[in-house]
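The next block holds one structure in the form of structure tokens; read it before the comments.
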Amino acid sequence: MNDPAEILTKIPDYEHHEKMNQTSPEEFDHIVQNRRSVRVYTDEKVPEEVVQKVLEWGLLAPNSSNLQCWEFYWVRNPEKKKSLVEALFNQPAARTAQEIIVAVAHPEQWKKTRVQMLKHFEDQGNVPKSARAYYEKLVPIAYSQGFLGIWGVIKKIGITAIGFFKPIPREPTSWSDMKIWAVKSTALACENIMLGFSAYGYDTCPMEGYDSNRIKKILGLPRKTQVVMAISVGKRDKKGVYGPRIRMPKEQFIRVI
């Protein structure tokens, strides 16, 4: 396979096998059910090694083209943490948290990780040519938007025309699409993180109520990054869960067609 697009449609001749390890559905159900959005925490500390391990689990989340367009800021500096809590409107979930992690989508990260992927392929030596071609050719075409977004507009016109005749990826063709693309992968990692803390017996709360401009200034983030959420961590106080879990009937959301 030399056509980079073939990596999406054809099974490569590649000798790598990984065994699926059986785990306990009951234990996973316990982890999922145990996760609640906790808004008041006790003073019990979260061990540093627990946070480190859970962040590593976050990085194992699936992500688009393995371009890993995310960053996670574990805010430990007291002054920065104080400013962060203020940017989070001083809400109890932030104010009483032992730790706060800010998840950031980095839409332009692909430029760096694409090169790293190619270097990994070079070191590995036995990677299909189509995989290398995918990162050398298709990735820049797909994710570049060009000066003032002009390349994105050109792509959109071409995609629309081709789309009349056959299926074709419709996005990303704008900077807005790129932000959505990066946020989706970052959000997958956030779920890993929250379930990871649940597995250790610690609680979390994903927070979207914040001043994103202030958070970006506190963290020194580039303009084109996107704050996805802040995740507070700790042990739940007896007042930490505001009520029983409410979910609408599953038939309202699950469709079998």
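Each residue of the sequence shown is one higher than the last, beginning at 4 in the numbering used here.
Even glycine gets a Cβ: it sits at the ideal position worked out from N, Cα and C.
- If the five residues before and after Val-244 are omitted, its C-beta is found closer than 7 Å to the C-beta atoms of Arg-39 and Val-41, all from its own chain and listed in chain order.
- Distance between Lys-158 and Leu-151, taken at the CA atoms: about 13 Å.
- Among the bridge pairs identified by DSSP, Asp-206 is matched with Gly-237.
- In this structure, DSSP gives Ser-133 a helical state, which the three-state scheme calls helix.
- Of the residues assessed, His-109 falls on the buried side of the cut-off, its CB having 16 or more other CB atoms within 10 angstroms.
- Secondary structure at Phe-31: helix, using DSSP grouped into helix, strand and coil.
- In terms of CA proximity to Met-232, Ala-190 leads the group Ala-190, Phe-167 and Lys-182.
- Remark: C-beta atoms of Leu-87 and Ile-221 approach each other more closely than 8 Å.
- Between Met-181 and Gln-127, the gap from beta carbon to beta carbon reaches 8 Å or more.
- With respect to the 8 Å criterion, Leu-62 and Ala-192 are classified as neighbours on the basis of their beta carbons.
- With contact defined as three or more Cβ pairs closer than 8 Å, the stretch 129–137 and the stretch 78–86 are not in contact.
- Proximity to Lys-187 across Gln-229, His-20, Arg-248 and Glu-18 peaks at Gln-229, based on C-alpha coordinates.
- In this chain, the alpha helix (DSSP H) harbouring Phe-124 covers 113–127.
- Rounded to whole angstroms, the separation of the alpha carbons of Pro-252 and Tyr-146 is 38 Å.
- Between Phe-124 and the set Lys-114, Asn-24 and Glu-139, the nearest pair of CA atoms involves Glu-139.
- Under the three-state reduction of DSSP output, Phe-167 falls in the coil class, being neither helix nor strand.
- Comparing alpha-carbon positions, the option among Phe-31, Ser-179, Ile-104 and Val-118 lying closest to Gln-71 turns out to be Val-118.
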